[in-house]
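> Mind having a look at this structure? Questions to follow.
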Amino acid sequence: MDYRPGNLYIGAQGRALIYFMFTIPFCFGDVRLSVVEELKRGSVVGKMAQDLGVDLKTFFARSPRIEFDGSKRYFDINPQTGELVVNDRIDREEHCGQRQPCSLQFDFFLENPLELHRVVVDVQDSNDNPPSFSNEQINLEIGESAVTGTRFQIDEALDPDVGINTVQGYSLSPNAHFTLAVHTNAETGKYAELVLDKELDREKEDKISLLLAAHDGGNPPRSGTVMINIQVLDANDNIPVFTQTTYRVNVAENVPLGTAVVTVSASDADEGANGAVSYEFSHLSTKSRNLFSLDQKTGDITLKGPLDYEENPSFEMRVKAKDGSGQAASCKVIVDVTDVNDNAPVILIKSLKSPLSENAPIGSEVAIIYVQDKDTGPSGKVSCSIQHSTKFKLNASIKNHFSLVTAEYLDREVESEYNITITATDEGTPSLSSLKTIQLVVADVNDNAPVFEELFYSAYVTENNKPGFSVCSVTARDPDWRQNGTVFYSLLPSEVNGVPVSSYLSINGDTGVIHAVRPFDYEQFRSFKVQVVARDNGSPPLSSNVTVSVFITDENDNSPQILYPTPEGNSFMTEMVPKAAISGSLVSKVIAVDADSGQNAWLSYQIVKSTDPGLFTIGLHSGEIRAQRDISESDSMKQNLVISVKDNGQPSLSTTCAVYLLISDNLAEVPELKDMSYEESNSKLTSYLIIALVSVSTFFLTFIILIIAVRLCHRRKPRLLFDGAVAIPSAYLPPNYADVDGTGTLRSTYNYDAYMTTGSRTSDFKFVKSYNDNTLPSGTTLKRSPVDNSDCLNFTSLDFIENGSKFSTLVNINPGFLSIFFIIWLF
1 MDYRPGNLYI
11 GAQGRALIYF
21 MFTIPFCFGD
31 VRLSVVEELK
41 RGSVVGKMAQ
51 DLGVDLKTFF
61 ARSPRIEFDG
71 SKRYFDINPQ
81 TGELVVNDRI
91 DREEHCGQRQ
101 PCSLQFDFFL
111 ENPLELHRVV
121 VDVQDSNDNP
131 PSFSNEQINL
141 EIGESAVTGT
151 RFQIDEALDP
161 DVGINTVQGY
171 SLSPNAHFTL
181 AVHTNAETGK
191 YAELVLDKEL
201 DREKEDKISL
211 LLAAHDGGNP
221 PRSGTVMINI
231 QVLDANDNIP
241 VFTQTTYRVN
251 VAENVPLGTA
261 VVTVSASDAD
271 EGANGAVSYE
281 FSHLSTKSRN
291 LFSLDQKTGD
301 ITLKGPLDYE
311 ENPSFEMRVK
321 AKDGSGQAAS
331 CKVIVDVTDV
341 NDNAPVILIK
351 SLKSPLSENA
361 PIGSEVAIIY
371 VQDKDTGPSG
381 KVSCSIQHST
391 KFKLNASIKN
401 HFSLVTAEYL
411 DREVESEYNI
421 TITATDEGTP
431 SLSSLKTIQL
441 VVADVNDNAP
451 VFEELFYSAY
461 VTENNKPGFS
471 VCSVTARDPD
481 WRQNGTVFYS
491 LLPSEVNGVP
501 VSSYLSINGD
511 TGVIHAVRPF
521 DYEQFRSFKV
531 QVVARDNGSP
541 PLSSNVTVSV
551 FITDENDNSP
561 QILYPTPEGN
571 SFMTEMVPKA
581 AISGSLVSKV
591 IAVDADSGQN
601 AWLSYQIVKS
611 TDPGLFTIGL
621 HSGEIRAQRD
631 ISESDSMKQN
641 LVISVKDNGQ
651 PSLSTTCAVY
661 LLISDNLAEV
671 PELKDMSYEE
681 SNSKLTSYLI
691 IALVSVSTFF
701 LTFIILIIAV
711 RLCHRRKPRL
721 LFDGAVAIPS
731 AYLPPNYADV
741 DGTGTLRSTY
751 NYDAYMTTGS
761 RTSDFKFVKS
771 YNDNTLPSGT
781 TLKRSPVDNS
791 DCLNFTSLDF
801 IENGSKFSTL
811 VNINPGFLSI
821 FFIIWLF
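Its first residue numbered 1, the sequence shown is counted upward by one per residue in the UniProt record's numbering.
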């Protein structure tokens, strides 16, 4: 097959491999190209994209790249055309020497999917080197006794080119004594010998100078010359003879300097000076000259420079043995360098995907790793592993290529960055290894909703707070990064007592601090709940809720309210006390409530003023008025008490009321009570009496008719005569009033019925009865019986029980009689 520059040569096997290369993602085949040495940089070697059948757009999208085993990068890919071009000077002689064929090899990669092509570029020789001789002059000493036909070997000319471009022949300048015989040797190539064609005569001519030329077969041919100086001597008819024509030896690349690599040996049958043999290099490259030295007497070739199998696996040298008269013989010495495991694997990162999203599926490719080991055999075989990591694993790919992939799901909130240490170990003895750390950053995904620090929040706010008051603060954490972890707060729309929650509270969207929008009133409502939403700024955003319970605490902002006796006004109420009441007898009870709660509603009672200070006392917390001693005849019939009701707040608030008591056993003494009313409002009562006198006179006849009707009335149960609200139903209590046991506030299980007249100055009276079982139910009021007649006033029985004594007074008052009695009393 003819290899020409720029032509793609692919054998039958290569074509088959290329066929599978496009059908199986991870297959590879050898691609063979040909190039002439010493081409200029940028010269086209082959059109890779076109030859592989890939269009340029796809070609470059698959990230084509070249990997060389050595340090020099001889070829590269043209980024515009996809052509394989020369990147560095190619010297066939430097790279291969005399080896045939000479080739450069490299790996050609395509990604997505990953493909590998082993490219072999055959380097064709160009006639860039002329033949040369090892020495500028050849000195021969030939005895005059030499017979015709005697042959004298001459150092051959060497041409590092190969094939037709190497030495093809020799020519000798015209002379009278010598002709030239050219021979071909499989080991040494073409060499020449001087043949004595005519006997020498030292006396006529003791020195002869000849010009020897060597030429190659290049086009145009190149040549080299050497001057042969012949000294005519007496007879020396033996030349040195080497024990071997070719010496071949294997030397480990790590042998120490000064080691004898090989010893060449030649002998000469002559005696004396003609038989003394000395050695010298006849032709040696610059590299070999720097590495080897030759002992002229012993023929020992020793190492004077370090060997490196990876740079030069073999050396070839020519050694000449010369006797004392100048006759010489030559041999070839080949030193093969054997590889030792002196190169640790080199880890190269070909591609790295960092940052990698934390939601990447298992098996996602993180990096492509190439491990290079310049050694050969087992020393060049490598294995890779990951140290101390279960999150990632290595998959072997193509020729020392490995894919680093994820083995588990990643979580940036657990670990945001990984330092993945990869170990590469060869199979040499002893094995060598190297480490490479890959830093992988995990990119955040909004996969975490904000989480509140508390399962629920409770806030306590004292009523009458100022608008803008900080109620409490909620905090939510989001472990995501940046905007995915930025939390904003808001209130979930809802209502409190039919009013939007935004009318009560507001929240700072950035800090989560909840503020009161307006003052709260404990007496209106005592607690409410609100939902706070924490939302991150991700896409899509995630959120979570938490319940905030707001409890309003009481403040002493309500004074006690007295339910009984009714506050002083237009009404006038009097309690009757039997004259036989003894010490400790229950006389009356002050009933008060406080809209506040807790200790702010704990009420205490105190008599601040009384007609007779030592006669009555009041329970500190019950409000019950009792006789402090037995009532005597000398005590005033009319007793006025001023009661102060005070709560337990800080500062405390108080209210006062007046209680009027009448010490009497029967109604006969009722007229004497008229002076009590005079003390309060004398002028108003006079007007009332005049109006009553006129009214009674005018409707006297009407009352006569009513007397007859009243007699026909059935007896009815006693009914309450009201001047004010005396029997206190629970519906009368202030709104939102909460009873507090044991604080002196009105209890639903202990009330009093109060009976009184219509408020006449001369007939105000009241009988008090303590009871527990007949208290009006909550939410009800006193109502008239369906069969009750408003014109029938029937007082049946009034019982007063005190300290085991029972007083029973039966009062049956005919309405007609009461009217007549009332008219007579007025007059």
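Even for Gly, the Cβ is constructed at its ideal location relative to N, Cα and C.
It should be emphasised that the depicted structure is a prediction, and the values quoted were computed from it without experimental measurement.
1. CB-CB under 6 Å to E453, same chain, minus the five flanking residues each way: which ones, in chain order?
2. What are the boundary residues of the beta strand (DSSP E) that F68 is part of?
3. If P240 sits next to Q327, beta carbons under 8 Å apart, how far is it from one beta carbon to the other, in whole angstroms?
4. Leaving out five residues on either side along the sequence, give the residues of the same chain with a beta carbon under 7 Å from the beta carbon of L620.
5. Can you list the beta strand (DSSP E) stretches of 3 or more residues lying completely in the UniProt domain "Cadherin" (134 to 242), in chain order?
6. When DSSP labels each residue in this structure, what does G512 get in the three-state scheme?
7. When you measure from the CB of V645 to every non-hydrogen atom of the ligand COA, does any distance come out below 7 Å?
8. Tell me the DSSP bridge mates of D30?
9. For Q639, write down the residues that DSSP places opposite it in a beta bridge.
10. Can you say whether F817 is buried or exposed, counting buried as having 16 or more other CB atoms within 10 angstroms of its CB?
11. Let's test the definition: count the other Cβ atoms within 10 Å of the Cβ of A407 and tell me whether it reaches 16, buried, or not, exposed.
12. Out of G189, F281 and V277, point me to the one whose CA is closest to S134's CA.
13. Could I get the ranges of all uninterrupted beta strand (DSSP E) runs contained in the region 528 to 584, with 3 residues as the minimum, in chain order?
14. Output yes or no for whether 8 Å exceeds the beta carbon distance between L33 and V119.
15. Is it buried or exposed, I535, if we count other Cβ atoms within 10 angstroms and call 16 or more buried?
16. Near K198, what residues of its chain come up, given a Cβ to Cβ distance below 7 Å and the 5 sequence neighbours on each side ignored?
17. Within the same chain, show all residues whose beta-carbon is closer than 6 Å to that of D55, passing over the 5 residues directly before and after it, in chain order.
18. According to DSSP, simplified to helix, strand and coil, what is D51?
19. Take the Cβ of R518 as the centre, count every other Cβ of all protein chains shown within 10 Å, and call the residue buried at 16 or more, exposed below.
20. Does DSSP put P378 in a helix, in a strand, or in coil?
21. Only counting the same chain, and skipping five residues up and downstream in sequence, which positions put a Cβ closer than 6 Å to that of A273?
22. What's the call for Y409, buried or exposed, on a 16-neighbour Cβ count within 10 Å?
23. Going by the CB atoms, is the gap between T423 and I437 shorter than 8 Å?
24. Taking all protein chains shown into account, do 16 or more other C-beta atoms lie within 10 angstroms of the C-beta of residue 853, making it buried, or fewer, making it exposed?
25. In terms of residues, what are the limits of the beta strand (DSSP E) holding T259?
26. Between the region 295 to 308 and the region 375 to 391, are three or more C-beta pairs nearer than 8 Å?
27. What separation, rounded to the nearest whole angstrom, lies between the Cα atoms of I813 and L706?
28. Count the C-beta pairs between the region 524 to 542 and the region 493 to 506 that are closer than 8 Å, then say yes if the count reaches three, no if not.
29. How long is the line joining the alpha carbons of G512 and V645, rounded to whole angstroms?
30. What number of angstroms, rounded off, separates the C-alpha of R626 from the C-alpha of L662?
31. Let me make sure I understand the geometry here. Which of W602, Y247, S632 and K638 has the alpha-carbon closest to that of G623?
32. Here's a check: name, in chain order, each residue in its chain whose Cβ is nearer than 7 Å to the Cβ of G169, leaving out the five neighbours to either side.
33. Does DSSP classify L410 as helix, strand or coil?
34. Is it true that the region 438 to 451 meets the region 358 to 375, where meeting means three or more beta-carbon pairs spaced less than 8 Å apart?
35. Which complete alpha helix (DSSP H) runs does the region 275 to 361 hold, if anything under 4 residues is left out?
36. Just to confirm, is the Cβ distance from P64 to F106 under 8 Å?
Checking against the coordinates, here is how it stands:
1. T475
2. R65 to F68
3. 7 Å
4. S604 and Y605
5. 137 to 143, 151 to 153, 167 to 172, 178 to 185, 189 to 196, 207 to 216 and 223 to 233
6. coil
7. As presented, the structure is devoid of all ligands, the ligand COA included, so that no description of it is given.
8. R118
9. L661
10. Confidence at F817 is low in this model, with a pLDDT of 46, below 50, so its placement is unreliable and no value can be given for it.
11. exposed
12. F281
13. 543 to 553, 561 to 564 and 575 to 577
14. yes
15. According to the sequence shown, residue 535 is Arg rather than Ile. Buried, by the Cβ-count rule.
16. T148, A176 and H177
17. none
18. helix
19. exposed
20. helix
21. G324
22. exposed
23. Looking at the sequence itself, residue 437 is Thr, so the reference to Ile does not match. Not in contact: T437 and T423 (Cβ atoms no closer than 8 Å).
24. Since the displayed the chain opens at 1 and closes at 827, residue 853 lies outside it and no answer follows.
25. First-last for T259: undefined, no H or E at that position.
26. no
27. Since pLDDT at I813 reaches only 39, below the 50 mark, its modelled position is unreliable, and the value read off the structure follows with that caveat. Each residue's Cα considered, the two are about 14 Å apart.
28. yes
29. 45 Å
30. 14 Å
31. W602
32. V182, K190 and H215
33. coil
34. yes
35. 286 to 291
36. no
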